[in-house]
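Asks: Residue numbers (our numbering): 44 to 379. Even glycine gets a Cβ: it sits at the ideal position worked out from N, Cα and C. Every value quoted in this text rests on a predicted model; they were computed, and no experiment measured them.
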Ligand code: ADP
Ligand code: TRP
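(1) Is it buried or exposed, residue 240, if we count other Cβ atoms within 10 angstroms and call 16 or more buried?
(2) Any idea what DSSP makes of residue 49, helix, strand or coil?
(3) May I ask which residues mark the beginning and end of the beta strand (DSSP E) holding residue 87?
(4) Nearest CA to the CA of residue 181: which residue from 107, 221 and 204?
(5) Any chance the CB of residue 262 is under 7 Å from a heavy atom of the ligand ADP?
(6) Should residue 90 be listed as close to the ligand TRP, given that the test is whether its C-beta is under 7 Å from any heavy atom?
(7) Nearer than 7 Å: is that true of the beta carbon of residue 194 relative to any heavy atom of the ligand TRP?
(8) Measure the C-alpha to C-alpha separation of residue 217 and residue 126 and round it to an integer number of angstroms.
(9) On the CB-based measure, 16 or more other CB atoms within 10 Å of its CB, does residue 340 come out buried or exposed?
(10) Relative to the ligand ADP, is the shortest distance from any of its heavy atoms to the C-beta of residue 234 smaller than 7 Å?
(11) What number of angstroms, rounded off, separates the C-alpha of residue 198 from the C-alpha of residue 227?
(12) The beta strand (DSSP E) with residue 228 in it runs from where to where?
(13) Run through DSSP, which three-state label would residue 141 get?
(14) Could you work out which residue in 185, 377 and 123 is closest to residue 79 when comparing CA atoms only?
(15) So what does residue 126 bridge to, in DSSP terms?
(16) Taking the alpha-carbon positions, what's the residue 176 to residue 55 distance?
(17) Run through DSSP, which three-state label would residue 73 get?
(18) Residue 54 bridges to which residues according to DSSP?
(19) Would you call residue 260 buried or exposed, if buried means 16 or more other Cβ atoms sit within 10 Å of its Cβ?
(20) Look up residue 360 in the DSSP assignment and say whether it is helix, strand or coil.
(21) Between the C-alpha atoms of residue 60 and residue 333, what's the straight-line distance to the nearest angstrom?
(22) When the Cα of residue 90 is compared with those of 233, 215, 235 and 111, which residue comes out closest?
(23) Give a single yes or no on whether residue 185 has its beta carbon closer than 7 Å to a heavy atom of the ligand TRP.
(24) Can residue 331 be considered in contact with the ligand ZN, in the sense that its beta carbon sits closer than 7 Å to one or more heavy atoms?
(25) Using a Cβ-Cβ cutoff of less than 6 Å, which residues in the same chain neighbour residue 132 once the five nearest sequence positions on both sides are dropped?
(26) Taking the alpha-carbon of residue 188 as reference, which of 224, 153 and 174 has the nearest alpha-carbon?
(27) For residue 95, I'd like the list of residues in its chain whose CB is within less than 7 Å of its CB, leaving aside the five on either flank, ordered along the chain.
(28) Are there any heavy atoms of the ligand TRP lying less than 7 Å away from the beta-carbon of residue 231, as far as the coordinates show?
(29) Apply the 10 Å Cβ neighbour rule to residue 128 and answer buried if 16 or more other Cβ atoms are within range, or exposed otherwise.
(30) Hey, is residue 448 close to the ligand ADP, as in C-beta under 7 Å from one of its heavy atoms?
(31) According to DSSP, is residue 319 part of a helix, a strand, or is it coil?
(32) Measuring from the CB of residue 61, is there a heavy atom of the ligand ADP at a distance below 7 Å?
(33) For residue 62, which residues of its own chain have a beta-carbon under 6 Å away from its beta-carbon, when the five flanking residues on both sides are left out?
So, in structure tokens, the structure goes:
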């Protein structure tokens with residue numbers, strides 16, 4: 044008997060040229076775990092249309108897409124177990140977004156964080172890019188096309204997933220249908236918002252407070268050595284604070300030698316270890332944690348045509364599901 048699997052969808056915006064550990068622990072790792080679970084059918088895509096809000100340079104867009112695709116595949120995304128594709132190759136995403144814009148009001152759109160953040164940063168309302176303003180509608184289309192059970196993302200995407208639920212509810216009510224599922228945001232409480240190396244804000248590429256994954260070891264080392272620790276600790280012999288200290292949070296995530304982590308924490312509390320040693324050990328743990336992924340990435344980068352085939356195949360499969368939903372929607376609306 045064919046088992047009815049719960050569908051999962053998530054996307055990654057290739058607005059940067061590589062992933063950081065916040066992306067990995069907050070979103071990617073959970074996405075990969077879902078792919079391994081037989082209960083789920085997983086769809087993951089590179090949201091290249093979403094990247095147009097910030098990238099207006101062909102070479103940069105192509106290179107970012109390539110890089111994020113390689114990152115994902117080397118970190119363990121397995122195209123045999125999930126459907127992996129580029130958003131722009133499944134045209135139904137754009138088509139459904141045009142439809143969904145009619146089932147959401149201006150007021151709710153104005154409350155979306157990404158838009159509000161722009162205004163807060165002093166950007167004139169009249170110069171806000173309409174692609175950015177509409178971003179959550181395209182994202183709702185990305186999600187609703189696949190009638191998913193859940194959307195694994197980091198905490199900062201919760202509002203977007205909730206908006207897609209609202210749109211789905213309104214649409215379903217209007218046409219007295221249950222065509223759209225009401226998706227859940229699947230957010231891991233402990234790692235849904237990894238703090239950046241400034242010790243304050245969310246780790247984010249636009250804030251420059253990241254620890255990368257595949258960057259040159261010298262770059263990673265610099266990022267780690269610059270990390271905020273306990274500001275009250277002036278010398279290595281001062282007792283230090285472990286709780287809430289980002290360097291130890293990163294150790295908990297990356298260092299597979301638990302004994303070493305416990306020893307460092309104990310000595311830190313007692314004032315028996317310097318920040319430099321804690322950071323150097325973190326750097327080594329980082330290199331160790333991602334060693335396999337780095338080797339895989341090198342291998343994949345040498346055969347990118349194979350990677351392109353994976354994406355083309357993925358788009359074909361995703362297109363089947365997406366076009367079916369779009370066609371049902373068109374029928375309900377009177378467009379067919
Ligand atoms: P960035 O903020 O660096 O631009 P993205 O917006 O591209 O990151 O996020 C990609 C995915 O990673 C999303 O699912 C997002 O929720 C998640 N994510 C980003 N930053 C973090 C973080 N600091 N902690 C946890 N998850 C994060
Ligand atoms: N907005 C997401 C981000 O910035 C990327 C994204 C686009 C997405 N469409 C999606 C995530 C659909 C989940 C589902 O990271």
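Replies: Reading it off the structure:
(1) buried
(2) strand
(3) 83-89
(4) 204
(5) no
(6) yes
(7) yes
(8) 31 Å
(9) buried
(10) yes
(11) 12 Å
(12) 227-229
(13) helix
(14) 123
(15) 86
(16) 18 Å
(17) helix
(18) 88
(19) exposed
(20) helix
(21) 17 Å
(22) 111
(23) yes
(24) In the structure shown, the ligand ZN is absent; the only ligands present are the ligand ADP and the ligand TRP.
(25) 358
(26) 224
(27) 174
(28) no
(29) buried
(30) The structure shown does not extend to residue 448, since the chain spans only 44 to 379, so no value can be given for it.
(31) helix
(32) no
(33) 114 and 256
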